[in-house]
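Participant: Take this structure, written in structure tokens, and hold onto it; I'll ask about it next.
Protein chains in written order, with full-length UniProt numbering: chain A, 1 to 454; chain B, 1 to 454; chain C, 1 to 454; chain D, 1 to 454.
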């Protein structure tokens, strides 16, 4: 048996390649599908089946792309009217060499969510592993808010039942393969491991210790932001998108060219916040590379060409993949030679201030400071630096009226990266004195400084 | 948590890299340790601990090598007097970031065999996985014959107890990481999967369905060959060997040079049997590349320089690693340009005949044929082609008197590869008319032809 | 300045990537253009110009493919009516960063052949290098027979003038970058070096030592075969072909599937001749992997799906590229697991005999032998093994009536590889007793055995 | 013939691998010799000869390392008493397959400098290429100041004679392979090309247009700094150093560990200047990664362990190689997780200001500014921003008394990178208000702002 976990960083997405005797299935493929083709080639296998555990909302799935390149069948849950592929129902069985895959309907995250069990018929009739999609993660369970607040209670009950009546009864020794890992926007507290088991989750997953009532209450109380791009991803994944065939070749853009096209492109600087702070092109947005999967969708539109700025080019190719997974086919190019070629060519530069938590601690009482916390509302409510004001990063630009123009704006988040994004937005919007607190509340607490909360 | 399985083909050896928060442990490292250094570098980790689950007998372990390159501590079971490293006892605990590793003494394969459990203290106090060494495999358990036939019964009882009293009680959801996979000489029927669980093994492992009495009887009845190199590996692994630092740069040897040095080197042709059959250098041994880990130790000595012959060079580097893992530091070089450079330079060539099972079927009654089965004695006893004589490949050369010189020798094994080794040995020893049955008994049975057995 | 030579083995084709200050040109791109995209990305460059030195006849050029992926302009000689790209005339000048490229019309190989000189204006106004296409090679010049025998004399004169009036006067220190290296079908005696200079060629190239009259006579006397696929390549390169976007994912085909589809596919065994001899699928054609670029076009049609057979899969991907360069979009798949999976599944097998030159020498007088030389007619005329009959490999199948069915056919070529192709053709056509002379005339001569000639 | 150029970035060092028929020579190998072993393996060759064109002074040569790993002979010029290898004299001839290498004594850069010509005897008796070491570069010639100012005139005459009497007479078509490319400290104005020819240099190299008298005057007037590490490299290369065997595995160091060991290590931050400016560990030296080969030797000692700080780890491995080439075996480790792990762990941070040339232009008249130019003395003399003071970066720390402590220090260099090094040195030495001019004089001039000069 061949079993490979394909992890997509940033998205914290996990897809799976499973094969036996020359035939393979892929579960929840990402849009840049070359990696599945490479695995298939390395193991002398044909991808014959593609499963989607649910209509994903945080990225554009690669099922159609992969299906067209290798002529494989797509199957997804029957609970939604997809415009491609085939509906899979409870109990549907598929064969891949000696492996038998069987569909379990496990609604709760979405109505059409399915799990897929795997038996190795050469070994036994017992279930060996289960792909749980966004139903059950390591240490967490899926979001229940996708259909809006009015549906959370019903979905949470449904999810509880799916887990307790379908997945856990499979047996403690069954290996669990979820669709996301630690850091995903699809689950708050996912543990950082590649693999878990029913038995281990039953013992350690805090959500599985709750009664149905407690579970539903917990999910109803849970809060998430729904980024604007979720709608587009959902539509993409329901209707299917055009195939890419290959990643576009990004254009290498000189300083002069960038200056000429500046007004008609979206420039994103993918460096770390302290690099951006030390010098950047005026008027550009800063989203560090690993922040692209979670934050590009809040700020970038799907029409205007996107131009990337990096330090030395090492991040461009990764960011290209991140953007393609979010359906940003409007990526156009990158600044040739990185930021240094800009300043060597006499391009104008600006800076942002940074400070350590120790410096913040010393200047906190300064009345000219406006301390801005851009973490999630409920994180701020729970624990914050005293005197801070909260506007979540994703909605900052729409709420700038709450940020005074005549004060020194000191921004923090959990560690300083999202604060860097916020700082760049403030600069774009005319705030002149902006400081990013490097390390933010993570360092603040590590230094032993006091926090407050509701 | 970082968890990587490092598989060594041919040996079917599995070692593991496990890390958390910058610190890592390696379990049963192989001798060419570059892969662990690469993983450590990729994940920004220091290897701080090395564990040996037991004193391996089928390869030379890389603990000392790795230890010297990264300054890590070695720990192995206290039940044997190792000349390096530290003795680990039941209950000894080691910390790697948030991970807690604990030693279980699990004798049975050998006296000093240990298993190592892993807890992720950030998640819970429950055991998450266990490294079981050669105690418990997927679908199998370890050999109990290492100390000789007189000890099998005692060792088997000990192994049963280790499994049932130490490993299985850890909980069904615990992930099992054994030291070998499918194809190893250390276990007859290991299943071809990377990972299993206590729960899945309890349900499906045939050895775990037996009572203690049945288990011991089964192990006592079990038969294995002990290849001659086991002794050397055991000594190496108890005493430690010199460090390699890097793989030797093999010398590229021309046809002329090879002709000159022919009598003072061991020439091994690592091509597939039909390639060797179609043409080869007279007097050379044929062991196909993937057969090196299991068969080199039967035929090659540790003194005379080894020269490899390949088709196009693509197998040389892999075979070099295989040989280094068996401590063959006497690898010297390879025929430059492969076998074709030999015949282009007017080197003499010989051939071996091949036939399909269908051709064999037609000529079986020919009295001038001597049908030789080189599989294991007990495999032959159980099921064979009627009229065949059995001499196990490993002991063929010592038993050539049983093979008539005046007949056509037709050799088969399970699929034709070991028969190729045997055919080359027969040619070296002056047998002129040798035929390899391509596909051997595997194809014979697939074709529906009859077999017999005791 | 970035300067990279992209060599395509087998075709002995050389294309060039040259760039400066972010802009690049590619000369004579091959059809699988990923390598140019990779170089451009590595050096932060945009491919802006593509040049074709002539309408190639031995492969399908990748200009259109590359042009569409990176939006670059194509330029080729004005002497032919291409259906895409732009006509370039003597003296046309193009800028790539500090580089100035200028077109020289250098007809002779074909009418529209051009050379392109490069000056680095940052250094001087002197010519630095010249791309000579198929006009001037290291140690050779281009073929003049493309328009048929009636035109050779005129084309040869034209080529002489192009070389002596256009290229050599550029100056002895000018670096020459030709379109082919050693082994190409486009020039008989090309020297095996990557780079040469006008000065070195003037001293050492035997063709440049001749007067115009001697040169023309030499070219008129020269003989070449024109393989059937040249016509298709020429048409492709004049009209343009559809873009590939990416290499097709070949299907992994099991023994059972191959047996079922056998009659409706073209099976090509890409192993070396002695491997094929040692065992093969009855009825299959043997063209060793590196022979594909030169010989596939003689034997394979462009409609019937092509299935490849290899030993261990290591040659499949390379052969796929070779076939795509020849426009074989009908590649379909490969035998999963290689030839051994065939015989393990009880597929029928056949063999071919091989012998060394020493064995041939001993049996030469045997009247039952028909000794067949499949080298080029003029090679045979010049020097051969006494008693041999000549039929060139490319036209063997059409001339089988010359090969007696009632004799032992012993085939040789230059080293045994083409003889292997011939042997497989003879087997397909019902010849039962076929022997391949490993090493062939190369080994024969090295062994000091006598040859004869006209 | 196999010919590969191995370029070492930063050093702008070029070594060469040349081979024929299984045998190869390496010219001026670098110390991390794995790349030559890889090339040899890829081409089925044995490295049999190693040549040193001269005793290098800017890096530690890898001849002994390579020699010991592959058992090859070392040859270097007879004009110096090396403690290893063999002396090569004018006219000494070596064979590598069909290639004939011949030694030319070409003193001038150093006394023992040799060039090596290559003839391909299979093609002709004419010289094909020449390895010129530090005698003749593309567009430049070697330094003549190695033995001190008193010897320059004699050495320059000697170099002129070597070039005009030995190298240029080889013929215009001869390919020139020098030991350095653009950016080397061993030649001021080397052109950025991989290959040149005698003919092209005769036409375009400005040094070759001079009479002997003009040439010597030019060299006498030329000024270079001799960095302190040159002495050590010279000694290393004359005596030989211990073999490395493999690059050391760097230790991944946590923030806590780094804080503890801070006083007993040399911390080098290898990020770009604007990143360092945006935030850094107080008291650390900033040398951007590509600046390590030229500047590490000015600032780092060979005893105290070296710890590297990067952004995301992508530069660590490259810097390790750079340092090993300079014999810094005291590299110890790197900050795990990069600079961000420092601030996330509440480590203290500091910043440096940056400004664009436009901002500098506006504030130039501010009397509180001290404008510091850290380029080479003669660069400053020739052209500078008005009002600037010059101290060369390499000698800044010894001349800090010239830099006022009570002013705002604004530093520039050619583009901002060396100014970043200077800024970090000023901070370490207690200067509180330091600004780096991004783009420096390069951008200043591009913006059209006025400069002055002597």
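Ideal placement from N, C-alpha and C gives every residue a C-beta, glycine not left out.
1. If you follow the alpha helix (DSSP H) that residue 262 (chain A) is in, where does it begin and where does it stop?
2. Would you check if there are 3 or more beta carbon pairs closer than 8 Å linking the stretch 262-282 of chain B to the stretch 406-423 of chain B?
3. I'd like to know whether the C-beta atoms of residue 174 (chain D) and residue 197 (chain D) end up nearer to each other than 8 Å.
4. Tell me, please, which residues DSSP counts as bridged to residue 196 (chain B).
5. May I have a chain-ordered list of the alpha helix (DSSP H) segments no shorter than 4 residues that lie completely inside the stretch 246-304 of chain D?
6. Is it true that the stretch 210-221 of chain C meets the stretch 144-160 of chain C, where meeting means three or more beta-carbon pairs spaced less than 8 Å apart?
7. Quick check: the Cα distance between residue 56 (chain D) and residue 187 (chain D), rounded to an integer number of angstroms?
8. Establish whether the CB of residue 54 (chain D) and some CB of chain A are separated by less than 8 Å.
9. Rounded to whole angstroms, how far is the Cβ of residue 64 (chain D) from the Cβ of residue 25 (chain D), which I believe are closer than 8 Å?
10. My understanding is that residue 44 (chain D) touches residue 337 (chain B), with C-beta atoms under 8 Å, so please give their C-beta distance in whole angstroms.
11. Can you tell me where the alpha helix (DSSP H) holding residue 317 (chain B) begins and where it ends?
12. Taking Cβ positions, are residue 166 (chain C) and residue 106 (chain C) nearer each other than 8 Å?
13. Work out the CA separation of residue 278 (chain B) and residue 354 (chain C) for me, nearest whole Å.
14. Please confirm if residue 104 (chain B) has its CB atom under 8 Å from at least one CB of chain C.
15. Residue 77 (chain A): which of A:84, A:83, A:88 sits nearest, CA to CA?
16. Measure the Cβ-Cβ separation of residue 18 (chain C) and residue 3 (chain C) and say whether it is below 8 Å.
17. Consider the Cβ of residue 1 (chain D): report whether some Cβ of chain B lies at a distance smaller than 8 Å.
18. I'd like to know if the stretch 438-450 of chain D and the stretch 312-322 of chain D are in contact, where contact means that at least 3 CB-CB pairs between them fall below 8 Å.
19. Any beta carbon from chain C within less than 8 Å of residue 118 (chain D)'s own beta carbon?
20. Span of the beta strand (DSSP E) holding residue 105 (chain C)?
21. Alpha helix (DSSP H) containing residue 357 (chain D): first to last residue?
22. Which of the three DSSP states, helix, strand or coil, is assigned to residue 82 (chain D)?
23. What did DSSP end up calling residue 381 (chain D) once you bin it into helix, strand or coil?
24. Report the three-state DSSP secondary structure of residue 87 (chain D) (helix, strand or coil).
25. Within the 8 Å Cβ cut-off, does residue 424 (chain D) reach chain A?
26. Should residue 386 (chain B) be labelled buried (16 or more other beta-carbon atoms within 10 Å of its own) or exposed?
27. Are the C-beta of residue 246 (chain C) and some C-beta of chain A separated by less than 8 Å?
28. List the DSSP bridge partners of residue 51 (chain B).
29. Could you name the residues of chain A that residue 203 (chain B) contacts, counting a contact when the two beta carbons are closer than 8 Å?
30. Confirm, please, whether the CB-CB distance from residue 388 (chain D) to residue 416 (chain D) is below 8 Å.
31. Here's the rule I'm using: 16 or more other beta-carbon atoms within 10 Å means buried, otherwise exposed. How should residue 147 (chain B) be labelled?
32. Tell me which residue opens and which closes the alpha helix (DSSP H) that residue 70 (chain A) is part of.
33. Considering only residues of the same chain and omitting the five flanking positions on each side of residue 116 (chain A), which have a CB-CB separation below 8 Å?
34. For chain B, find out if any of its Cβ atoms is closer than 8 Å to the Cβ of residue 251 (chain D); answer yes or no.
35. Can you tell me where the beta strand (DSSP E) with residue 458 (chain C) in it begins and where it stops?
Facilitator: Short version:
1. Along the first chain, one-based indexing puts residue 262 (chain A) at 262. From DSSP, residue 262 (chain A) is part of no alpha helix (DSSP H); its letter is neither H nor E.
2. Enough Cβ pairs lie closer than 8 Å, so yes.
3. Position 174 of the fourth chain, counted from the start, is the residue given in the question as residue 174 (chain D). Position 197 of the fourth chain, counted from the start, is the residue given in the question as residue 197 (chain D). Yes, these two residues count as a Cβ contact at 8 Å.
4. Along the second chain, one-based indexing puts residue 196 (chain B) at 196. The bridge partners DSSP lists for residue 196 (chain B) are B:176.
5. Runs of the alpha helix (DSSP H) inside the stretch 246-304 of chain D: 255-261, 273-278, 292-299.
6. Yes, since at least three Cβ pairs between the stretch 210-221 of chain C and the stretch 144-160 of chain C fall closer than 8 Å, the two stretches touch.
7. Sequence index remark: in the fourth chain, residue 56 (chain D) carries index 56 (1-based). Sequence index remark: in the fourth chain, residue 187 (chain D) carries index 187 (1-based). About 13 Å.
8. Here residue 54 (chain D) refers to the residue found at position 54 of the fourth chain. For residue 54 (chain D), the closest Cβ of chain A is not nearer than 8 Å.
9. Mapped onto the fourth chain, residue 64 (chain D) falls at position 64. Mapped onto the fourth chain, residue 25 (chain D) falls at position 25. Residue 25 (chain D) and residue 64 (chain D) do not touch by the CB rule: their CB atoms are close to 16 Å apart, not below 8 Å.
10. Counting from 1 along the fourth chain, the entry for residue 44 (chain D) is found at position 44. Counting from 1 along the second chain, the entry for residue 337 (chain B) is found at position 337. Confirmed, Cβ separation roughly 6 Å.
11. Start at 1 with the first residue of the second chain, and residue 317 (chain B) comes out as number 317. Run containing residue 317 (chain B): 316-325, per the alpha helix (DSSP H) assignment.
12. For the purposes of this step, residue 166 (chain C) is taken as residue 166 along the third chain, with counting starting at 1. For the purposes of this step, residue 106 (chain C) is taken as residue 106 along the third chain, with counting starting at 1. With a cutoff of 8 Å on beta-carbon distance, residue 166 (chain C) and residue 106 (chain C) are scored as near each other.
13. Working through the third chain from its first residue, we reach residue 354 (chain C) at position 354. Working through the second chain from its first residue, we reach residue 278 (chain B) at position 278. About 7 Å.
14. Taking the second chain and counting its residues from 1, one reaches residue 104 (chain B) at position 104. Chain C places no beta carbon closer than 8 Å to that of residue 104 (chain B), leaving this residue out of the contacts.
15. Within the first chain, the letter at position 77 stands for residue 77 (chain A). Of A:84, A:83, A:88, the residue nearest in Cα terms is A:88.
16. Start at 1 with the first residue of the third chain, and residue 18 (chain C) comes out as number 18. Start at 1 with the first residue of the third chain, and residue 3 (chain C) comes out as number 3. Yes; because the gap between Cβ atoms is below 8 Å, this pair is in contact.
17. Counting from 1 along the fourth chain, the entry for residue 1 (chain D) is found at position 1. With 8 Å as the cut-off, residue 1 (chain D) does not count as an interface residue toward chain B.
18. Verdict: no, contact absent.
19. Here residue 118 (chain D) refers to the residue found at position 118 when the fourth chain is read from its first residue. So no, residue 118 (chain D) is outside the interface.
20. Here residue 105 (chain C) refers to the residue found at position 105 of the third chain. Residue 105 (chain C) -> beta strand (DSSP E) spans 99-105.
21. What you label residue 357 (chain D) is simply residue 357 of the fourth chain in a count that begins at 1. Note, residue 357 (chain D): alpha helix (DSSP H), 357-363.
22. Along the fourth chain, read from residue 1 onward, the residue named residue 82 (chain D) stands at position 82. Looking at residue 82 (chain D) - three-state DSSP - the assignment turns out to be coil, as it is neither helix nor strand.
23. As a position in the fourth chain, residue 381 (chain D) is number 381, starting the count at 1. Collapsing the DSSP output to three states places residue 381 (chain D) in a helix.
24. The residue you call residue 87 (chain D) lines up with position 87 of the fourth chain. Strand at residue 87 (chain D).
25. Here the question's residue 424 (chain D) lines up with position 424 in the fourth chain. Residue 424 (chain D) does not count as touching chain A.
26. Translated into the one-based positions of the second chain, residue 386 (chain B) becomes position 386. Label assigned to residue 386 (chain B): exposed.
27. Against the third chain, residue 246 (chain C) aligns to sequence position 246. Judged by the 8 Å Cβ criterion, residue 246 (chain C) is in contact with chain A.
28. In the second chain, counting from the first residue as 1, residue 51 (chain B) sits at position 51. For residue 51 (chain B), which the question treats as bridged, DSSP gives the partners B:27, B:75.
29. As a working note, residue 203 (chain B) is residue 203 in the second chain. 124, 126, 171, 173, listed in chain order.
30. Here residue 416 (chain D) refers to the residue found at position 416 of the fourth chain. Here residue 388 (chain D) refers to the residue found at position 388 of the fourth chain. Cβ distance not < 8 Å, so residue 416 (chain D) and residue 388 (chain D) don't count as in contact.
31. The residue labelled residue 147 (chain B) in the question sits at position 147 within the second chain. With fewer than 16 other CB atoms across the displayed protein chains lying within 10 angstroms of its CB, residue 147 (chain B) is exposed.
32. Numbered from 1 along the first chain, position 70 holds the residue referred to as residue 70 (chain A). Counting along the chain, the unbroken alpha helix (DSSP H) around residue 70 (chain A) starts and ends at 63-70.
33. Looking up residue 116 (chain A) in the first chain gives position 116. Closer than 8 Å at the Cβ level, and outside the excluded window around residue 116 (chain A), lie 27, 51, 53, 101, 102, 103, 104, 130, 131.
34. Here residue 251 (chain D) is taken as the residue at index 251 of the fourth chain, counted from 1. Chain B, which has a Cβ nearer than 8 Å to the Cβ of residue 251 (chain D), makes this yes.
35. As displayed, chain C neither begins before 1 nor continues past 454, which places residue 458 (chain C) out of reach and without an answer.
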